[in-house]
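Quick notes on the structure that follows.
Number of protein chains: 2
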Amino acid sequence: MEPLSTGTQARIADVAARAGVGVATVSRVLNGHANVRPATRDRVLDAIRTLNYRPSSVARNLSLQRTMVIGALLPWFTNPSAVQRVRGIVDGLSGSPYDLMVFDIESEDRQRRAFELFDRGDRADGLLIVSTNPPDLEVERINAAGLPCILVDGVHSSLPSIAVDDVAGGEMATRHLIELGHRRIALIGDPPPEFRFDWSRDRTRGYEQALARAGIELRPAYVREGTRLLHVARGIAAELLALPERPTAVFAASDTQAFGTLEAARALGIRVPEELSVIGFDDIEVASYVGLTTVRQPLFESGRRGAELLLRALSGRQVDLRAELLPLELVVRSTTGPAPSSAV
Amino acid sequence: MEPLSTGTQARIADVAARAGVGVATVSRVLNGHANVRPATRDRVLDAIRTLNYRPSSVARNLSLQRTMVIGALLPWFTNPSAVQRVRGIVDGLSGSPYDLMVFDIESEDRQRRAFELFDRGDRADGLLIVSTNPPDLEVERINAAGLPCILVDGVHSSLPSIAVDDVAGGEMATRHLIELGHRRIALIGDPPPEFRFDWSRDRTRGYEQALARAGIELRPAYVREGTRLLHVARGIAAELLALPERPTAVFAASDTQAFGTLEAARALGIRVPEELSVIGFDDIEVASYVGLTTVRQPLFESGRRGAELLLRALSGRQVDLRAELLPLELVVRSTTGPAPSSAV
DNA sequence: CCTCCTCTTGGAACCGGTTTCAGACCGGAT
DNA sequence: ATCCGGTCTGAAACCGGTTCCAAGAGGAGG
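Just so you know, the protein sequences line up as chains U and Y, in that order.
Each residue of the first sequence is one higher than the one before, starting from 1 at the first, in our numbering.
Each residue of the second sequence is one higher than the one before, starting from 1001 at the first, in our numbering.
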């Protein structure tokens, strides 16, 4: 068996020449079109086998104006939950003829490059943007290109999206703590997004509402924001726990930040939940193992549903522009408990 | 501002027409080539802005025979460690002009499609195959296409690779248990790979060697294999812990499986490490939090190094075909302890 | 004033496929 | 024998870029 010389690939013309037919016929055979005489088809198939030919997908894409690929853009460094969402996407896409490509948009730079690659619509037939609010300019471009796009865990006025009611979630978590008797409740909040256009979509708001309804005064010193990185949250938590009037409970706007809080408490010898209650948000896989009380949002389901909507859009059907809200659920485990009596 | 009509994109010819120049000149401006009169350049840039033009990357790829994209193929459902490796890859690629695209190859079907997309070499300029042993046929095709490719956590005789010495790792873990006085040591092993061509690369082998050296007889009932999924491991562990002569220690070939074992123990009310020692393999992020004793392999580093080698290959330099072995390290935390005296 | 050289520029070929369109071929009916 | 319809087939246009190459413009030097 003679291997092909390195780097040289057979082209459709080579196959045609070898089979003694035109390129159009080879193309017809490749794509399973009717109206090719069996004898001819066999000659072509033979030539394909002999030359170890495989069509160039790039050339194919250019010609067809279609890639059969769906792009998913997500920041998966700070966001372990994003990975879980992608699993849902994969699930939602299985059975469809589309393939998924994942692109990391952790840094500003990578985000720009990702959009440059995808927003014209010739790299992928559809886009899923996960856990990121895309810049207006890009949304404009995506829509101008007629590129179907669904936001998963994000919102934009001119793109369909899958999201959760963060205000309700924030309130749910805070109310749980209040019901346990806590009054000194700190918040390690969402990172402040650079282009926040929708302030109502915020767990911090839910926290504030719950406190207000319970008649608890908001203490600015208890409200902190930072990135989702665990060690950042740990630092913030350490500061909160060093306050003269130490909080008896912490609501972290993500499980990752809750873990950072737990680590800070452990380092300071503060017992959970006896001396400190901690509640997270997301219910990532680890949470159940560690026993973290949290507000569960359907991560996997959000991806699955996003994929579903995208497939619908790709098939030409209209998709509602309003955000589709997925249900939240309080999951009580072992990191929250009654407020310590000394603090009541 | 008049938005472009949906789905219609300006082409380079439109820009050329609008600027009153030839397409070649537009291309020169786009690619920053010298020898374009400033006045002409400005006219072209103006036209580009007016038409909101962006070149088609697909057409560009076809013409240049180059994509500036690196593909990473990995099974990331069963393998949380693979995600960490990809982070290393992203890190290793940062600063390079290449973009990364991640493709899931969890199922047989997706693996086939992934290779179909990539093995011709026109989708990506280079390939990183993570935690998978690629089929011979595909390796042949990849090499025939002259497509640079590095294996991360995998081996193949005709591809460069980054790996760890699994036999040594298996022995390291088992020896640790033996040194703690354990004699009844069970194994929840690597999933049996379908096309195993290199039996020496196996944590099970290290386990067997360590037992042999300590003069401990191998008990077939203690040696189990299964997929890496947590719940599968939990089931297997439950069976092991129900044996008449219950093992006092379990070596799980991955942290995920170790977690499954811990869950099974907890469900049965077996205290860790007093009644049962558990050691894992990988040291994924969660391990440190949970306090799992494990054999750390440099996950992030493996990706970073793989990217590094791939970049070297892409720059035309030769890359050694021998597997590059990364160091392993025993990390003792709180899930292993002395063998219970009743069992000695 | 003519020649030569350099700087710009556009036409056209090319990357590797798909598809339109027109023509060749064939059997059957008139 | 002629006409007709359907089946098969290949040349050529097209997708949207890059680049080779030839040619025009303009300045320097003889």
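Each residue gets a CB set at the ideal place from its N, CA and C atoms; glycine is no exception.
Since this is a predicted model, take the numbers as computed values, not measurements.
Cβ-based burial, residue i [other Cβ within 10 Å; buried from 16]
i: Arg203 of chain U; result: buried
i: Leu137 of chain U; result: exposed
i: His182 of chain U; result: buried
i: Asp1109 of chain Y; result: exposed
i: Asp1320 of chain Y; result: exposed
i: Gln1297 of chain Y; result: buried
i: Pro97 of chain U; result: exposed
i: Ser107 of chain U; result: exposed
i: Ser1302 of chain Y; result: buried
i: Leu1147 of chain Y; result: buried
i: Gly1306 of chain Y; result: buried
i: Ser334 of chain U; result: exposed
i: Asn1035 of chain Y; result: exposed
i: Arg85 of chain U; result: buried
i: Val66 of chain U; result: Checking the sequence shown, residue 66 of chain U turns out to be Arg, not Val. Burial call: exposed.
i: Thr1050 of chain Y; result: exposed
i: His1231 of chain Y; result: exposed
i: Gln1318 of chain Y; result: exposed
i: Leu309 of chain U; result: buried
i: Asn996 of chain Y; result: Since the first residue shown for chain Y is 1001 and the last is 1344, residue 996 of chain Y is missing from the structure and cannot be characterised.
i: Gly1215 of chain Y; result: exposed
i: Phe197 of chain U; result: Unreliable positioning characterises Phe197 of chain U in this predicted model, as indicated by a pLDDT of 48, which lies under 50. The coordinate reading is nonetheless provided below. Burial call: exposed.
i: Thr8 of chain U; result: exposed
Short Cβ contact (8 Å threshold) for residue i with residue j
i: Gly1170 of chain Y; j: Gly1206 of chain Y; result: yes
i: Ala1163 of chain Y; j: Leu1325 of chain Y; result: yes
i: Ser1057 of chain Y; j: Asp283 of chain U; result: no
i: Ala233 of chain U; j: Ala252 of chain U; result: yes
i: Pro340 of chain U; j: Glu275 of chain U; result: yes
i: Leu1277 of chain Y; j: Gly1337 of chain Y; result: Residue identity differs from the one stated: residue 1277 of chain Y is Ser in this sequence, not Leu. Contact flag set, yes.
i: Ala1323 of chain Y; j: Ser1161 of chain Y; result: yes
i: Ala173 of chain U; j: Ile279 of chain U; result: yes
i: Asp165 of chain U; j: Ile142 of chain U; result: no
i: Val1090 of chain Y; j: Leu1100 of chain Y; result: yes
i: Thr132 of chain U; j: Ile105 of chain U; result: yes
i: Leu177 of chain U; j: Ala249 of chain U; result: yes
i: Phe300 of chain U; j: Gly88 of chain U; result: yes
i: Val1272 of chain Y; j: Ala1264 of chain Y; result: no
i: Ala13 of chain U; j: Val29 of chain U; result: no
Where the alpha helix (DSSP H) through residue i begins and ends
i: Val90 of chain U; result: Pro80 to Leu93
i: Arg234 of chain U; result: Leu230 to Leu241
i: Met1101 of chain Y; result: First-last for Met1101 of chain Y: Asp1099 to Asp1104, but that is the beta strand (DSSP E), not the alpha helix (DSSP H).
i: Leu311 of chain U; result: Leu299 to Leu314
i: Gly1260 of chain Y; result: Asp1255 to Ala1267
i: Ile270 of chain U; result: It is not in any alpha helix (DSSP H) - Ile270 of chain U carries neither H nor E in the DSSP assignment.
i: Ala1016 of chain Y; result: Ile1012 to Ala1019
i: Ile48 of chain U; result: Pro38 to Leu51
i: Gln1318 of chain Y; result: Gln1318 of chain Y -> no alpha helix (DSSP H), and no H or E assigned at all.
Extent of the continuous beta strand (DSSP E) run through residue i
i: Arg296 of chain U; result: Thr293 to Arg296
i: Ile188 of chain U; result: Ile185 to Gly189
i: Gly1280 of chain Y; result: Ser1277 to Asp1282
i: Glu329 of chain U; result: Glu329 to Val331
i: Gly71 of chain U; result: Val69 to Leu74
i: Leu1364 of chain Y; result: There is simply no residue 1364 of chain Y to check, as chain Y begins at 1001 and stops at 1344 in what is shown.
i: Ala1252 of chain Y; result: Ala1249 to Ala1252
i: Glu1225 of chain Y; result: Val1223 to Glu1225
Near the ligand ZN: residue i beta-carbon under 7 Å from a heavy atom
i: Pro338 of chain U; result: Absence of the ligand ZN is noted for the structure shown, with no ligands found whatsoever.
Query raised in the report: Counting Cβ pairs closer than 8 Å, one from the stretch 13-22 of chain U and one from the stretch 41-49 of chain U, do we hit at least three?
Result: yes
Requested in this report: Count the C-beta pairs between the stretch 67-74 of chain U and the stretch 120-136 of chain U that are closer than 8 Å, then say yes if the count reaches three, no if not.
Outcome: yes
Query - Meets three-Cβ-pair contact criterion under 8 Å: the stretch 1176-1192 of chain Y and the stretch 1212-1225 of chain Y - result: yes
Query raised in the report: Looking at C-beta atoms only, is the number of pairs between the stretch 288-307 of chain U and the stretch 252-267 of chain U that lie closer than 8 Å three or more?
Result: yes
**Report entry** Every unbroken beta strand (DSSP E) inside the stretch 1103-1178 of chain Y [3 residues or more]
**Finding:** 1126-1130, 1149-1152 and 1161-1164
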